[in-house]
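**Student:** Residue numbers (my numbering), protein chains in the order written: chain A, 2 to 437; chain B, -8 to 301.
Below you will find the structure I want to go over with you.
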Amino acid sequence: MAKRYLTLGLAGLIVATMGLAACTPDTPPAKDNLVVTIYGTPTGSEGAQWEASWQAWAAANEITIQYTGDRDFTTNISTKIQGNDLPDIAVFPQPGLMKAVIEDGKVKPLDAVTLGSVTQNFSADWQSYGTVEGEQYAVPLDASAKGYIWYSPKKFAELNATIPTTWAELMTLTDTLATQTGAPVWCAGFNSGDASGWPGTDQLAEYVLSASGGAVYDQWVDGTVKFTDKPIADAFTAMGKILLDPKYVNAGFGDVASINSTSFGDVTIPLASGQCLMTNQATFLAGFFADAKTADGETPVVAEDGDIWAFMMPPVAGTPSVMGGGDFAVAFSDDPAVAKVMAYLASGDYATSLITVDGASFITANKGVDISKQSDPLLAQAMEVLISPTTIFRFGAGDAMPSVVQQAWWKGMVNWINGVDQAEVLEQIQAAWADI
Amino acid sequence: MSITSVANSTRRVKKTHKALSSPWATAGAILIAVVWTVPTFGLFVSSFRPAADITTSGWWTFFTNPNVTLNNYAQTLDFVSSGVTIRQTLVNSLTITIPAAVIPITLALLIAYALAWIDFRGRHVVFIAIFTLQIVPLQMLLVPLLKLYTGGVTLAGVQIFSGLGANSLGSGFAQVWITHTMSALPLATFMLHNALATIPGEVMEAAQIDGAGHGQIFLRLALPLAVPTIASYAIFQFLWVWNDLLIATIFTSGRNAPITKTLADLSGVYGQQWYLLTAGTFLAIIVPLCVFFALQRFFVRGLLAGATKG
């Protein structure tokens, strides 16, 4: 009676399915609330922190914001735009792709209210990222600052080390510490799956920006200054004095080549245990210490007088510069509720709400922010630098270059660490410009 | 067939049988099994180790330094991404997978029966056309399908289908089901057609002479005989849909996402929680394992049934 079982089975399955579909919470928005969908990159707890940043305002204004995070945002947004499947608001992690999308014509320009806030709250540098043909389309949401040297204040006190204020001092300090401890002092990790090598590209770009200034940096990003040209080659040589010297790397992991096999977040482990004295990474590294242990087996305290702290990379040539990143919101709909959300995102109130999200470490370049609400001095300092009119701010060079070049550069950093000749590496990366 | 060739072929079968059951072959098979299982086993062991151990040492050190924790599983179950926990996405996965397996199989059975046993003009052309659709890669479907779901269909000024919603971030499961059904139908039809076509024509004729219509033949004769193929195809389809990430990320909102999407998010934006993937992977394979073991007795039979008759 196989037939009967089959029929029964099928019927059962269908009933079960309907039951499941019926009892699945499809989060029906509370009846009167308007729904605004936001599509962006952060997922997991980072995504949840974003949601928390606008939650209170949305509830007070009877708007339900449905946020969907997608790790593959940068590829999938193009598919969605082509298929006319447009989110109300999309948050782009980098300006290059966003500009291309704006030029495509489906993004709505900012309305007067939002435009007013953006012009008032953001520097010309930041505004320019969202401007296409004189029209402003984007609201900068948050920012990030790269180029921090993470260290252990306790270890530094033990070894009588002081925080360097110039690049030359940093090199001297490196040598002194290496002699004192008789072991490598720096640790680095370039491993990041498909994107392995990016931590290296960041460090290199920071050096170029600091040593050669904004003009050279911009020309380098748009391809007029070549990788094989002197400013870039010099930066490689300068970074190589640390990263390619077995005397200085790779503390806690092994030889120079172990930089490639070390996951970039894992540098927190020797840093916390005291094996590694310094590592160069963005502010977000603070979030990676939760799983690391100090030499006494405790969870390290990230604080100025704690186990782990950071200073900004000392300038090579005098002018303070910051390389960083940021997220930008654009609207695909001119619905009033969407416009209201955009206006809020551009406001100083939102910036303050963003930096005070529990457990998060957001910073912003929004001048309307109340910095005093930021309890973390490192982040507060970063924001002051970002907002300061004298700081040169630039986006990470890799993110601003065409993705073919960026990927070649990532690969180049890995080869460079593996011992491939520097001139050859530079030529290989430069060759990628021909493929775009 | 002559007597000698029969004898030859029997001898060959015996020889093959002997070769396959020799101690060497057995040792080889065991070796292959071990090599295939070791990584999964390592993953399994890792899922019970504390995060600090996973990130600093290999899973084999577990045996000299056994630290067991259920923390990874607890953390994974409570993991939230785009507003849903892993628990909810497990339910979402079932909500997506069951209809996305039942609908195409049901449709394909009807199509396959018609193509195999109802004699109409051009049925071979139709069959080949359906079969060749298999070569269309899924990625090619994304943009047209998105356009269909958001814009609907308008033919000669008349709107035939109004679309499913303004955008996929605000709508439900229907578009995922439809997409999976579309992508599954060619292969499902092909496999089930082959299974139904192996039923001897005499049996069909006998049923017809006894006065059975197509409806009765389909339900009482064709369906029961095709059970092994249906079951084995159901396993395939279930696993494909369960493991799918592409359709899930393009067509669902964060709240309706299946477990594969949340698993991809589990490691964190910067990959800092990758150790949780060990536990997450095991949570995600429990359901497919149950399905496989429940239907496995049909599995090999079904594969052969589909393969021997072209």
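Backbone N, C-alpha and C fix where the C-beta goes; we use that ideal spot for every residue, glycine too.
Treat the numbers as computed from the prediction; the structure is a model and nothing was measured.
Helix, strand or coil for glutamine 125 of chain B, going by three-state DSSP, please let me know.
**Tutor:** helix
**Student:** Contact criterion: CB-CB distance below 8 Å. Does phenylalanine 394 of chain A meet it with respect to chain B?
**Tutor:** no
**Student:** Along the alpha helix (DSSP H) that carries glycine 397 of chain A, what are the first and last residues, could you check?
**Tutor:** Unbroken run through glycine 397 of chain A: none, as it is neither H nor E.
**Student:** Helix, strand or coil, according to DSSP, for aspartate 308 of chain A in the structure here?
**Tutor:** coil
**Student:** Strictly below 7 Å CB to CB, what residues from chain B border proline 88 of chain A?
**Tutor:** Asn158 and Leu160
**Student:** Please list the segments of the alpha helix (DSSP H) lying wholly inside the stretch 38 to 92 of chain A, counting only runs of 4 or more residues, in order along the chain.
**Tutor:** 45 to 61 and 74 to 83
**Student:** Is the CB-CB distance between alanine 179 of chain B and proline 95 of chain B below 8 Å?
**Tutor:** Yes; because the gap between Cβ atoms is below 8 Å, this pair is in contact.
**Student:** Using beta carbons (cut-off 8 Å, strictly below), is serine 264 of chain A in contact with chain B?
**Tutor:** yes
**Student:** For glycine 117 of chain A, report the span of its alpha helix (DSSP H) as first-last.
**Tutor:** Element bounds for glycine 117 of chain A: 113 to 122.
**Student:** Rounding to the nearest angstrom, what Cα-Cα distance links serine 211 of chain A and valine 317 of chain A in this structure?
**Tutor:** 5 Å
**Student:** Taking only beta-carbon atoms, is phenylalanine 70 of chain B less than 8 Å away from chain A?
**Tutor:** Yes, its Cβ sits closer than 8 Å to a Cβ of chain A.
**Student:** Helix, strand or coil for lysine 155 of chain A, going by three-state DSSP, please let me know.
**Tutor:** helix
**Student:** Please confirm if valine 260 of chain B has its CB atom under 8 Å from at least one CB of chain A.
**Tutor:** With 8 Å as the cut-off, valine 260 of chain B counts as an interface residue toward chain A.
**Student:** Thinking C-alpha only, which one of A:Trp168, A:Thr175, A:Pro200 and A:Ala61 is nearest aspartate 400 of chain A?
**Tutor:** A:Pro200
**Student:** Taking the alpha-carbon positions, what's the threonine 76 of chain B to aspartate 86 of chain A distance?
**Tutor:** So the alpha carbons of these two residues sit roughly 25 Å apart.
**Student:** Tell me, please, whether the stretch 149 to 167 of chain A touches the stretch 299 to 318 of chain A by the rule of three or more beta-carbon pairs shorter than 8 Å.
**Tutor:** For the pair of segments examined, the stretch 149 to 167 of chain A was found to touch the stretch 299 to 318 of chain A: the number of CB pairs separated by less than 8 Å reaches three.
**Student:** With a floor of 4 residues, list each alpha helix (DSSP H) that falls wholly inside the stretch 150 to 190 of chain B, ordered by position along the chain.
**Tutor:** Qualifying alpha helix (DSSP H) stretches, in chain order: 165 to 188.
**Student:** Using C-beta distances below 6 Å, list every residue in its chain close to phenylalanine 363 of chain A, excluding the 5 sequence neighbours before and after it, in chain order.
**Tutor:** Asp143, Leu355 and Ile356
**Student:** Which residues of chain A have a Cβ atom closer than 9 Å to the Cβ of serine 305 of chain B, listed in chain order?
**Tutor:** Because chain B in this structure spans residues -8 to 301, residue 305 of chain B falls outside the shown range and cannot be described.
**Student:** Check the Cβ of threonine 167 of chain A against every Cβ in chain B and list those closer than 7 Å, keeping chain order.
**Tutor:** By Cβ distance, chain B contributes nothing, its closest Cβ being about 30 Å from threonine 167 of chain A, past 7 Å.
**Student:** Whose C-beta lies closer than 7 Å to the C-beta of serine 153 of chain A among residues of the same chain, with five residues either side of it excluded?
**Tutor:** Leu272, Gly275, Leu278, Asp308 and Ile309
**Student:** On a Cα-Cα basis, can you pick out the residue from B:Thr88, B:Thr28 and B:Gly33 that is closest to leucine 236 of chain B?
**Tutor:** B:Thr88
**Student:** DSSP has valine 257 of chain A in a bridge; who is on the other side?
**Tutor:** Note: valine 257 of chain A sits in no beta bridge, so no partner.
**Student:** In chain A, which residues lie less than 8 Å from aspartate 256 of chain B when you measure between Cβ atoms?
**Tutor:** Thr44, Gly45, Gly48, Gly70 and Arg72
**Student:** Can you confirm whether tryptophan 199 of chain A, when its beta carbon is compared against all beta carbons of chain B, has any partner nearer than 8 Å?
**Tutor:** no
**Student:** Please name the residue, chosen from B:Ser48, B:Trp51 and B:Pro41, that lies closest to alanine 62 of chain B on a Cα-to-Cα basis.
**Tutor:** Per the sequence shown, the amino acid found at residue 62 of chain B is asparagine instead of alanine. When each option's Cα is compared against that of asparagine 62 of chain B, the closest is B:Pro41.
**Student:** Within its chain, find whatever has a CB closer than 7 Å to the CB of arginine 114 of chain B; leave out the 5 residues flanking it on each side and keep chain order.
**Tutor:** Taking arginine 114 of chain B as the centre and dropping the five residues before and after it, the same chain places the C-beta of Leu106 closer than 7 Å to its C-beta, in chain order.
**Student:** Residues of the stretch 372 to 386 of chain A with a CB closer than 9 Å to any CB of chain B: list them in chain order, please.
**Tutor:** Listed by position, the residues of the stretch 372 to 386 of chain A near chain B (Cβ gap below 9 Å) amount to none.
**Student:** Does glutamine 263 of chain B have its Cβ less than 8 Å from a Cβ in chain A?
**Tutor:** yes
**Student:** Determine the contact status of methionine 240 of chain A and glutamine 204 of chain A, defining contact as a CB-CB distance below 8 Å.
**Tutor:** The Cβ atoms of methionine 240 of chain A and glutamine 204 of chain A lie closer than 8 Å to each other.
**Student:** Are three or more beta carbon pairs between the stretch 256 to 265 of chain A and the stretch 111 to 125 of chain A nearer than 8 Å?
**Tutor:** no
**Student:** Using only CA atoms, which one of A:Gly41, A:Tyr351 and A:Leu35 lies nearest to alanine 330 of chain A?
**Tutor:** A:Gly41
**Student:** With a threshold of 8 Å between beta-carbons, can arginine 246 of chain B be considered close to chain E, or not?
**Tutor:** This model lacks chain E altogether, as its protein chains are A and B.
**Student:** Report buried or exposed for valine 194 of chain B, applying the criterion of at least 16 other Cβ atoms within 10 angstroms of its Cβ.
**Tutor:** A residue is called buried when at least 16 other Cβ atoms come within 10 angstroms of its Cβ; valine 194 of chain B does not meet this threshold and is exposed.
**Student:** Under 8 Å, Cβ to Cβ, is there at least one residue of chain A near isoleucine 241 of chain B?
**Tutor:** yes
**Student:** Looking at threonine 38 of chain A: is its Cβ nearer than 8 Å to the Cβ of glutamine 67 of chain A?
**Tutor:** yes
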